[in-house]
Structures are given as C-alpha cells and as structure tokens.
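If you read the sequence shown in UniProt numbering, its first letter stands for residue 1, the second for the next number, and so on.
From the three backbone atoms N, C-alpha and C, an ideal C-beta is built for every residue, glycine too.
This report refers to the structure that appears directly beneath it.
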Amino acid sequence: MAKKTYIQAITDALDIVLEDDPKTLIFGEDVGKNGGVFRTTQGLQEKYGEDRVFDTPLAESGILGLATGLGLTGWRPIPEIQFMGFSFEAIDQIAGQEARMRFRFDGTKTAPVTIRTPYGGGTHTAEMHADNLENFFTGVPGLRVVMPSNPYDAKGLLISSVENNDPVMFLENLKLYRSMKDDIPDGKYTVPLDKAKVAREGNDITIVAYGAEVNEALKVADSLAEKNISVEVIDLRTVSPIDSETIFKSIEKTHKVVIVQEAQKMAGVGAQVASAIAEDAVLSLDAPIGRVAAPNSVYPFALGEDIWIPRAKEIEEKVNEILNY
Numbered sequence: 001m002a003k004k005t006y007i008q009a010i011t012d013a014l015d016i017v018l019e020d021d022p023k024t025l026i027f028g029e030d031v032g033k034n035g036g037v038f039r040t041t042q043g044l045q046e047k048y049g050e051d052r053v054f055d056t057p058l059a060e061s062g063i064l065g066l067a068t069g070l071g072l073t074g075w076r077p078i079p080e081i082q083f084m085g086f087s088f089e090a091i092d093q094i095a096g097q098e099a100r101m102r103f104r105f106d107g108t109k110t111a112p113v114t115i116r117t118p119y120g121g122g123t124h125t126a127e128m129h130a131d132n133l134e135n136f137f138t139g140v141p142g143l144r145v146v147m148p149s150n151p152y153d154a155k156g157l158l159i160s161s162v163e164n165n166d167p168v169m170f171l172e173n174l175k176l177y178r179s180m181k182d183d184i185p186d187g188k189y190t191v192p193l194d195k196a197k198v199a200r201e202g203n204d205i206t207i208v209a210y211g212a213e214v215n216e217a218l219k220v221a222d223s224l225a226e227k228n229i230s231v232e233v234i235d236l237r238t239v240s241p242i243d244s245e246t247i248f249k250s251i252e253k254t255h256k257v258v259i260v261q262e263a264q265k266m267a268g269v270g271a272q273v274a275s276a277i278a279e280d281a282v283l284s285l286d287a288p289i290g291r292v293a294a295p296n297s298v299y300p301f302a303l304g305e306d307i308w309i310p311r312a313k314e315i316e317e318k319v320n321e322i323l324n325y
C-alpha cells in the first residue's frame with residue numbers, strides 16, 4: 001500500500017483493467033504517447049501497445065461513435081473526453097445511442113462503455129474546461145453517473161465501472177487530481193456502484209454531497225465538532241441512480257439535512273435528492289431542507305470562480321441556519 005494522488009489512483013485502475021481484460025481499449029485526444037492532457041494514461045501505450053491505447057482526432061462525436069460500435073461488438077472501450085465541456089459534441093452518441101442499448105435490444109445487447117472526463121472548478125481553467133454538467137447526464141435513463149470524492153474511491157469505482165455492462169459517465173474532479181492523497185491498496189479492489197457512503201457519522205444534522213464538495217462538507221463537520229455539533233456527511237459517489245436508502249436512514253437519525261453541490265442549483269442532483277426526501281421521508285424532518293449550490297449562471301471566467309463555487313463557509317452558514325430553525 002502506498003499514498004497516491006487521485007490521478008495516480010485512476011492510472012492504477014486503468015492499468016489493472018487493461019491487464020485483466022484484453023478487450024479493454026483506451027482512446028481519446030492525446031491519451032497515447034503524451035499520456036493525456038493531465039498524464040492520466042502516461043505509460044499505458046508503452047505497456048499495452050498502440051492497438052489498445054491510442055490517439056484519436058479532435059472529434060468528440062467520433063470518439064463516442066467509435067466507443068458505441070466497439071461496445072456493441074464485444075469490446076469494453078474506455079474513451080476519454082478531454083474536458084467535460086467538450087461532451088456537448090457527443091451528446092447524441094451518449095444519450096441517444098449508448099444509454100438506450102439495453103432497452104432497444106430487449107436486454108440482448110448492451111454498451112459497456114466507460115466515458116472518463118474531468119470536470120469542476122478551482123484550477124482557473126479556460127472557458128468550457130471546468131463546467132459541472134452532471135445535471136445533463138443524470139436525467140438520461142440507462143446511463144450511470146459516477147463522481148468519486150477521493151483517491152481510494154476513484155480507483156475502486158473506476159474498476160467497477162469498467163466491469164459493468166452498461167454505459168457509465170465517470171467524472172473526475174480537476175481540482176482533486178493532485179490536491180489530495182490516500183492510502184491505496186496495491187492491485188485490484190472494487191467499490192460498489194450505486195451505493196452512497198457515510199463519510200463521517202454524526203447525530204445533529206446530515207450533509208449530502210458528492211465530488212469535491214464532500215471534502216468541503218467534511219471541513220464543516222470538523223469545524224462544528226469544536227462547538228459540540230455532530231454532523232453526518234453522506235458521500236453519494238454514484239449520482240445516478242441515487243442511493244436514497246442511505247440518505248433516509250441518516251435523516252431518520254438527525255432530522256435535519258443540507259444538500260450540497262458544486263453545479264448550478266437549477267434541477268440536477270441536489271433537486272432530485274430534495275424531491276426524494278420530500279416525497280418519501282419528509283416526516284423524518286423537523287426543519288426545511290437546506291441547499292447550497294452554485295448560482296444559476298453560465299460557468300464564470302477564472303477570476304470569478306472563487307465567489308461562484310460553494311465553499312465550506314457557505315455550507316457552514318446554511319447548516320447553522322437549518323440547525324437554528
């Protein structure tokens with residue numbers, strides 16, 4: 001076991017799935033010789049050859065079209081979209097084709113495609129390089145959306161995603177790539193899809209979060225613990241489908257909840273979690289559902305990120321508001 005960054009854990013997972021299954025293929029812009037724009041696939045072409053790890057033209061719809069065909073013919077492709085904002089070019093292949101395969105062929109065919117792409121702010125990238133677009137994809141039936149918050153989960157969830165027989169959007173937070181480390185077991189292990197994790201146990205209030213915001217929520221839990229306030233933090237890990245059972249179990253204990261997301265507040269994951277609680281678990285609550293999210297605006301230019309992205313300060317203010325209701 002060694003301490004590894006989020007991005008090193010992802011590279012580990014890719015190495016393992018390539019070694020385990022000769023039907024796995026990695027392709028995308030610059031993923032071969034250069035090892036990807038962030039070096040996630042560095043060394044994999046040299047180890048597994050140009051037929052299994054290869055570069056493509058700058059054409060996201062073509063990358064996902066190739067993935068769709070390969071997935072239907074027995075391969076297990078792992079295409080990379082260089083930045084999530086570029087996935088607009090490939091929406092038809094993802095939502096109109098891959099996600100429908102199991103339904104379209106009555107379960108006789110599937111598209112086992114794992115689409116990796118970085119997202120999220122905090123690194124001052126250019127326009128369309130940081131957008132949180134999970135809200136688009138969580139509304140697509142047949143498509144699973146996975147968003148790990150730490151290196152350990154990133155490795156285990158990626159291996160589970162590749163071994164899954166349905167298409168997965170595997171979203172990697174840009175800021176986390178090299179900003180945190182975990183003890184990562186050597187070799188293969190998996191983390192279950194569709195299952196949330198209690199990242200920290202508590203009794204006074206529940207924070208539901210995913211991706212990088214889980215780490216902001218944990219900072220809030222540490223801060224409030226100094227005031228004898230016990231915060232439970234739920235890390236969704238898979239945001240479509242959502243593990244409502246774990247959320248309901250938590251709020252039956254704490255009776256208060258704040259939902260946090262980095263994406264814009266309109267629709268999406270936080271809205272779905274709030275809706276599920278309102279429909280099936282509202283009697284567990286003794287205060288309104290709190291929400292913290294980015295403004296309903298276009299993702300800002302780099303200089304505006306610091307006031308746009310929800311941080312621990314805003315989460316703590318909302319938690320205190322709900323606690324004092």
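query	result
Close-in-space but distant-in-sequence residues of the same chain around A212 (CB under 8 Å, 5 per side omitted)	G120, G122, S149, N173, K175, L176 and E262
According to DSSP, residues forming a beta bridge with S240	V145
Reduced DSSP secondary structure (H/G/I, E/B, other) of K23	coil
Stretch pair the segment 223–242 + the segment 190–202: three plus CB contacts closer than 8 Å	yes
Pairwise C-alpha distance: Q264 and L64	26 Å
Segment contact flag, the segment 85–99 with the segment 40–50, C-beta cutoff 8 Å, min 3 pairs	no
For G290: DSSP bridge partner residues	V258
For R104, the three-state DSSP class (helix, strand or coil)	helix
Per DSSP, the bridge partner or partners of I78	I26
For E316, the nearest candidate out of I205, S160, R144 and P22 (CA to CA)	I205
Buried/exposed call for V298, threshold 16 Cβ in 10 Å	exposed
Where the beta strand (DSSP E) containing V233 begins and where it ends	V231 to D235
Exposed unless 16 or more other CB atoms sit within 10 angstroms - verdict on residue 345	Residue numbering for the chain in the displayed model covers 1 to 325; residue 345 lies beyond these limits and cannot be assessed.
Sequence-distant residues of the same chain with beta carbon closer than 6 Å to E98, five excluded per side	T68, A111, V113 and P167
D12 versus N228 - alpha carbon distance	40 Å
Assigned exposure category for A225 - 16 Cβ within 10 Å defines buried	exposed
For M84, the nearest candidate out of D131, K318, L158 and V53 (CA to CA)	D131
Residue(s) in a DSSP beta bridge with F54	F27
Rounded separation between L143 and F136 - CA only	11 Å
Closest Cα partner of E80 within the set L285, L157 and I115	I115
Classification of L303 by the beta-carbon crowding that lies within 10 angstroms, buried from 16 upward	exposed
Cβ-Cβ distance between V292 and V269 below 7 Å	no
Residue span of the beta strand (DSSP E) that contains F170, given as start and end	V168 to N173
Residue closest to L25, alpha-carbon to alpha-carbon, out of V53, K3, S61 and I251	V53
Within 7 Å, strictly: CB atoms of V37 and A95	no
Straight-line gap, A274 to L193 (C-alpha atoms, nearest Å)	21 Å
Where Q264 sits in the DSSP three-state scheme	strand
Strand pairing of I251, partner residues [DSSP]	According to DSSP, I251 bridges with nothing at all.
Beta-carbon gap between V319 and V258 smaller than 7 Å	yes
M169 beta carbon less than 7 Å from that of V145	yes
Residue of P118, P77, L72 and A126 minimising C-alpha distance to R104	L72
Sub-7 Å separation of M266 and Y210 beta-carbons	no
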